[in-house]
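A.B. asks: The number in the working numbering is simply the position in the sequence shown, starting from 1, with 165 added.
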Amino acid sequence: MAGRIRDADIQLVRERVDIAEVIGERVTLRNAGGGNLKGLCPFHDERSPSFNVTPARGVYHCFGCGVGGDAITFLTELDGLTFVEAVERLAGKAGLKLTYEDVDGRVQRGPSGQPGLKQRLLDAHTAAAEFYTGKLLSPEAMTARQFLSARGFDRDAAATFGCGYAPDAWDALAKHLRAKGFTAEELTQAGLAKPSRSGSLIDRFRRRLVWPIRDSSGSVIGFGARKLFDDDQGPKYLNTPETPLYKKSQVLYGIDLARKEIAKTGRVVIVEGYTDVMACHLAGVPMAVATCGTAFGAEHIRVLRRFLFDSESADGRIIFTFDGDEAGQRAALKAFDEEQRFVSQTYIAVTPGGQDPCELRQSAGDTAVRELIERHTPLVQFAIERAIAKHDLDTAEGRLHATRAIAPLLARVKDRGLVEEYLGVYAGRLGKEKAELRRAVQGAAAGQAPAEAPPQPRREMRADSMQLRAQREVLKVALQQPQVAGPYFDAVDAAPYTDPNYRAVREAIAAAGGAAHAAAGPNWVAAVQAACAEIAAGALVSELAVEELRLAGEPDALYVRTILARIQRPVVEAEVADLKRRLQRINPSTDKDQYMSLFGQLMGLEQHVRSLRDQAANAFE
Ligand SMILES: [Zn+2]
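Structure, rendered in structure tokens:
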């Protein structure tokens with residue numbers, strides 16, 4: 166029978182563990198007076214700190230979302246550990262030895278059966294990291310060592326970052342870990358190995374240079390592995406797959422080393438790869454982190470905010486470095502779709518000559534890397550310069566086109582003082598009066614087409630905006646009242662959502678398990694947000710979750726069917742039109758079967774359109 170930890174030991178853990186230290190590994194805490202500490206709540210999305218920690222009483226409480234508890238609760242809630250796992254982890258930190266007893270209070274010798282899964286996976290990763298670093302010194306890891314030294318990383322640097330080598334064998338790691346008592350199931354769940362067709366275990370990483378990826382508290386939760394040999398058929402970089410420990414939408418390589426510096430300086434530098442993180446840290450930019458095998462997204466911002474934006478007035482800066490290629494620049498500009506606060510705190514540092522920070526460090530030294538980061542420009546300014554560069558400002562026409570290109574960009578800046586500043590700078594560049602440029606920006610802000618552009622057909626625009634309104638309404642109900650929207654919502658695929666952001670939210674709802682099985686509340690909204698790959702869609706989710714529905718009273722099934730019918734109608738009507746065109750091209754006398762089949766489909770679709778039309782006729786605005 167599994168034993169339990171003695172109550173006295175649990176109390177001891179609570180007394181000995183410094184809750185400020187435990188929470189401080191995940192959230193930057195500042196002194197709030199009266200023996201309290203404050204930070205941004207890791208359990209809900211907030212901009213001004215309402216998350217309080219009182220070390221003297223060993224407790225935390227969030228006045229924003231109401232969560233609270235002690236150090237043990239914190240680990241169970243935030244890291245998903247079981248109670249026993251949390252106590253074991255904290256005891257380990259505090260150097261306490263736990264005593265386990267059976268139900269009758271008899272002391273047991275060993276620990277209580279098996280530790281929980283997450284702790285086992287963490288232990289497996291720690292052992293794997295040791296195994297890999299040990300192998301880096303072996304003769305067969307010569308290529309890996311050469312790779313590092315060719316990029317300016319010596320033995321100390323490799324040790325600091327825990328670089329290792331995955332040997333050229335099918336199951337070297339699996340064998341090593343099995344011998345240490347880990348089960349095949351645990352290694353598979355950890356993403357370290359997978360069963361082959363014959364049933365034996367194969368290592369995930371082979372013949373590769375590996376970097377351990379750690380969470381903010383320093384625990385190894387995954388690995389990144391780079392290809393070293395030309396005959397390696399795999400991708401250049403291979404990362405740990407999604408596991409109970411490793412969520413790539415939240416993982417930031419280097420956060421364990423960078424978090425204190427991020428909190429201290431209020432700056433974080435986003436680079437693209439493992440070697441760039443190493444190069445930045447070694448060059449004296451210790452707040453550099455990188456995403457692992459995925460684009461920087463809303464979840465990453467949420468993680469960083471806890472370390473970065475620790476007060477409302479803080480001037481936190483997120484600095485992206487890009488090697489100046491198109492893809493990188495597009496990624497940077499995409500951040501424009503994020504909320505304003507993020508935009509105004511986003512900066513860009515473009516490396517000269519298309520080098521990444523690692524290459525820059527080698528060619529020009531540590532100082533050059535530090536200067537690169539110091540030379541960051543606001544994202545807005547970067548976007549404007551990019552837009553202007555496409556036009557010839559020596560011609561009147563070029564200046565006109567450039568004006569039109571930058572007006573919508575300036576229209577998105579909400580800080581009026583900043584807009585005025587830019588108006589002054591760019592009016593001069595474009596040879597315009599400041600007032601003239603301001604009018605163009607106001608026009609863009611009002612969503613109006615510039616006066617010179619051909620006017621849009623008005624009817625079409627109205628229909629379009631009604632469609633978008635209905636799409637928005639459908640998503641709002643699905644987020645706010647999933648139990649009502651549920652099965653109807655899930656039955657309609659993403660096709661009717663013409664706006665890419667709405668479509669992304671629709672897909673995120675499906676990825677989060679669908680509306681039918683969801684319970685309304687912050688967890689549902691958070692789950693959808695977490696499933697959003699794009700920053701913009703993630704931000705839209707909270708907006709849709711709080712925006713009032715367009716009806717008085719509570720939505721019911723009829724309301725849901727009505728708005729769903731509205732958004733589906735154009736899709737089905739387009740299918741009808743398409744079928745009719747195809748029918749016209751078919752000769753009924755020679756291709757009779759095909760004709761009849763298409764004709765049958767057409768009849769069915771037209772019936773569908775009629776029923777959608779009837780349903781959509783129910784008033785809702
Ligand atoms: Zn909270």
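Quick reminder that beta carbons are idealized off the backbone N, C-alpha and C, glycines included.
Using the beta carbon as the reference atom, which residues fall closer than 6 Å to any heavy atom of ligand 1, ordered along the chain?
C.D. replies: Residues flagged by the Cβ proximity filter: CYS206, PHE208, HIS209, PHE216, CYS227, GLY229, CYS230 and VAL232.
A.B. asks: Could you pull out every residue in the same chain whose Cβ sits closer than 6 Å to the Cβ of GLY593, ignoring the five residues on either side in sequence?
C.D. replies: Position 428 of the sequence shown, counting from 1, holds the residue named residue 593. Excluding positions up to five away in sequence, the list is empty.
A.B. asks: Would you list, in sequence order, the uninterrupted alpha helix (DSSP H) runs of no fewer than 4 residues that lie entirely inside the region 344-411?
C.D. replies: List check, alpha helix (DSSP H) in window: 349-354.
A.B. asks: Helix, strand or coil: which one does DSSP assign to VAL182?
C.D. replies: Residue mapping note: residue 182 aligns to position 17 of the sequence shown, counting from 1. Residue state, collapsed to three classes: coil.
A.B. asks: Quick one: grab the DSSP three-state call for CYS227.
C.D. replies: In the sequence shown, the residue the question calls residue 227 occupies position 62. Of the three classes helix, strand and coil, the one that applies to CYS227 here is strand, per DSSP.
A.B. asks: State the DSSP-derived secondary structure class of ASN217, mapped to helix, strand or coil.
C.D. replies: For the purposes of this step, residue 217 is taken as the residue at position 52 of the sequence shown. The answer is strand: DSSP assigns ASN217 an E or B state.
A.B. asks: Under a three-way DSSP split, which group does TYR662 fall into?
C.D. replies: On the sequence shown, position 497 is the one that residue 662 refers to. Of the three classes helix, strand and coil, the one that applies to TYR662 here is coil, per DSSP.
A.B. asks: Going by the CB atoms, is the gap between LEU261 and ARG254 shorter than 9 Å?
C.D. replies: Within the sequence shown, residue 254 is the residue found at index 89, counting from 1. Within the sequence shown, residue 261 is the residue found at index 96, counting from 1. Going by C-beta atoms, ARG254 is not nearer than 9 Å to LEU261.
A.B. asks: Taking the alpha helix (DSSP H) that ARG788 belongs to, which residues open and close that run?
C.D. replies: A query on residue 788 cannot be resolved here, the shown segment of the chain reaching from 166 to 786 and no further.
A.B. asks: Of all the CB atoms in chain B, is at least one closer than 9 Å to the CB of CYS227?
C.D. replies: Going by chain labels, chain B is absent from the structure shown, which holds only one protein chain.
A.B. asks: Mapping DSSP to helix, strand and coil, what is THR755?
C.D. replies: Mapped onto the sequence shown, residue 755 falls at position 590. Three-state DSSP puts THR755 in coil, outside helix and strand.
A.B. asks: I'd like to confirm the pairing. Which residues does DSSP put opposite TYR330 in its beta bridges?
C.D. replies: Your numbering for residue 330 matches position 165 in the sequence shown. For TYR330, which the question treats as bridged, DSSP gives the partners LEU374.
A.B. asks: Is it buried or exposed, LEU302, if we count other Cβ atoms within 10 angstroms and call 16 or more buried?
C.D. replies: Indexing the sequence shown from 1 puts residue 302 at position 137. Result: exposed.
A.B. asks: Could you check whether LYS300 and ALA292 sit closer than 9 Å to each other, using their CB atoms as the reference points?
C.D. replies: Here the question's residue 292 lines up with position 127 in the sequence shown. Here the question's residue 300 lines up with position 135 in the sequence shown. No, the pair does not count as a contact, with Cβ atoms beyond the cut-off.
A.B. asks: Write down every uninterrupted run of the beta strand (DSSP E) in the region 445-489 whose length is 3 residues or greater and which is fully enclosed by it, in chain order.
C.D. replies: Whole beta strand (DSSP E) segments, 3+ residues: 453-456 and 482-487.
A.B. asks: Taking the Cβ atom as the reference point for each residue, do ALA702 and VAL670 lie within a distance shorter than 9 Å?
C.D. replies: Here the question's residue 702 lines up with position 537 in the sequence shown. Here the question's residue 670 lines up with position 505 in the sequence shown. Yes, the pair counts as a contact, with Cβ atoms nearer than the cut-off.
A.B. asks: Give the straight-line distance between the Cα atoms of ALA730 and ALA683, rounded to the nearest whole angstrom.
C.D. replies: Here the question's residue 730 lines up with position 565 in the sequence shown. Here the question's residue 683 lines up with position 518 in the sequence shown. Using only the alpha carbons, I get a separation of about 22 Å.
A.B. asks: Taking the CB atoms as reference points, tell me whether LYS448 and ASP521 lie closer together than 9 Å.
C.D. replies: To locate residue 448, count along the sequence shown from 1; it is residue 283. To locate residue 521, count along the sequence shown from 1; it is residue 356. Checking the sequence, you will find Ala at residue 448 rather than Lys. Against a cut-off of 9 Å, the Cβ pair of ASP521 and ALA448 comes out as no contact.
A.B. asks: Need the endpoints of the alpha helix (DSSP H) that VAL606 sits in, please.
C.D. replies: If you number the sequence shown from 1, residue 606 lands on position 441. Unbroken alpha helix (DSSP H) run through VAL606: 599-610.
A.B. asks: Roughly how many angstroms separate the alpha carbons of ALA256 and LEU240, rounded to a whole number?
C.D. replies: Against the sequence shown, residue 256 aligns to sequence position 91. Against the sequence shown, residue 240 aligns to sequence position 75. If you take the alpha carbons of ALA256 and LEU240, they lie about 13 Å apart.
A.B. asks: Would you mind giving the Cβ-Cβ distance between VAL433 and ILE483, rounded to the nearest angstrom? I have them listed as a contact below 8 Å.
C.D. replies: Walking along the sequence shown from the start, residue 433 turns up at place 268. Walking along the sequence shown from the start, residue 483 turns up at place 318. Indeed they touch by this definition, with Cβ atoms about 6 Å apart.
A.B. asks: In terms of alpha-carbon separation, which member of ARG369, GLY419 and GLU426 lies closest to PRO400?
C.D. replies: Stepping through the sequence shown from its first residue, residue 400 is reached at position 235. Minimum Cα distance to PRO400 is reached at ARG369.
A.B. asks: Roughly how many angstroms lie between the CA atoms of HIS209 and PHE228, to the nearest whole one?
C.D. replies: As a working note, residue 209 is residue 44 in the sequence shown. As a working note, residue 228 is residue 63 in the sequence shown. Distance between the alpha carbons of HIS209 and PHE228: 11 Å.
A.B. asks: Whether or not the region 218-228 and the region 175-195 are in contact is what I'm after, with contact meaning three or more pairs of Cβ atoms, one per stretch, closer than 8 Å; do they touch?
C.D. replies: Contact holds: three or more Cβ-Cβ distances are below 8 Å.
A.B. asks: Around the C-beta of PHE654, are 16 or more other C-beta atoms found within 10 angstroms, so that it is buried, or is it exposed?
C.D. replies: As a working note, residue 654 is residue 489 in the sequence shown. It is buried - the Cβ of PHE654 has at least 16 other Cβ atoms within 10 Å.
A.B. asks: If contact is defined by three or more beta carbon pairs under 8 Å, each pair taking one atom from either stretch, is the region 741-759 in contact with the region 657-674?
C.D. replies: Result no; under three Cβ-Cβ pairs closer than 8 Å.
A.B. asks: Put PRO543 into one of helix, strand or coil per three-state DSSP.
C.D. replies: Numbered from 1 along the sequence shown, position 378 holds the residue referred to as residue 543. DSSP places PRO543 in strand when its eight states are reduced to three.
A.B. asks: Expressed to the nearest angstrom, what Euclidean distance is found between the alpha-carbon atoms of ALA554 and ALA561?
C.D. replies: To locate residue 554, count along the sequence shown from 1; it is residue 389. To locate residue 561, count along the sequence shown from 1; it is residue 396. Near 15 Å, if we compare the C-alpha coordinates of ALA561 and ALA554.
A.B. asks: In terms of residue numbering, what span does the alpha helix (DSSP H) encompassing ALA197 cover?
C.D. replies: Here residue 197 is taken as the residue at index 32 of the sequence shown, counted from 1. Looking at the DSSP string, ALA197 is not in any alpha helix (DSSP H); the run it does join, the beta strand (DSSP E), is 195-198.
A.B. asks: With distance defined between alpha-carbon atoms, name the residue in LEU417, ALA423 and ASP421 nearest to GLU437.
C.D. replies: Within the sequence shown, numbered from 1, the residue matching residue 437 stands at position 272. Of LEU417, ALA423 and ASP421, the residue nearest in Cα terms is LEU417.
A.B. asks: Check GLU699 in the structure and name its three-state DSSP category.
C.D. replies: In the sequence shown, the residue the question calls residue 699 occupies position 534. Coil at GLU699, not helix or strand.
A.B. asks: Using the rule of at least 16 other Cβ atoms within 10 Å of the residue's Cβ for burial, across every protein chain shown, is LYS757 buried or exposed?
C.D. replies: Here residue 757 is taken as the residue at index 592 of the sequence shown, counted from 1. By the neighbour-count rule (16 or more Cβ atoms within 10 Å), LYS757 is not buried but exposed.
A.B. asks: Using alpha carbons as the reference points, say which of GLY389, ARG750, ARG778 and LEU602 lies closest to ILE728.
C.D. replies: Position 563 of the sequence shown, counted from the first residue, corresponds to residue 728. For ILE728, the nearest C-alpha among the options comes from ARG778.
A.B. asks: Does the distance from the CB of VAL375 to the CB of CYS328 come in under 9 Å?
C.D. replies: The residue you call residue 375 lines up with position 210 of the sequence shown. The residue you call residue 328 lines up with position 163 of the sequence shown. Cβ atoms of VAL375 and CYS328: closer than 9 Å.
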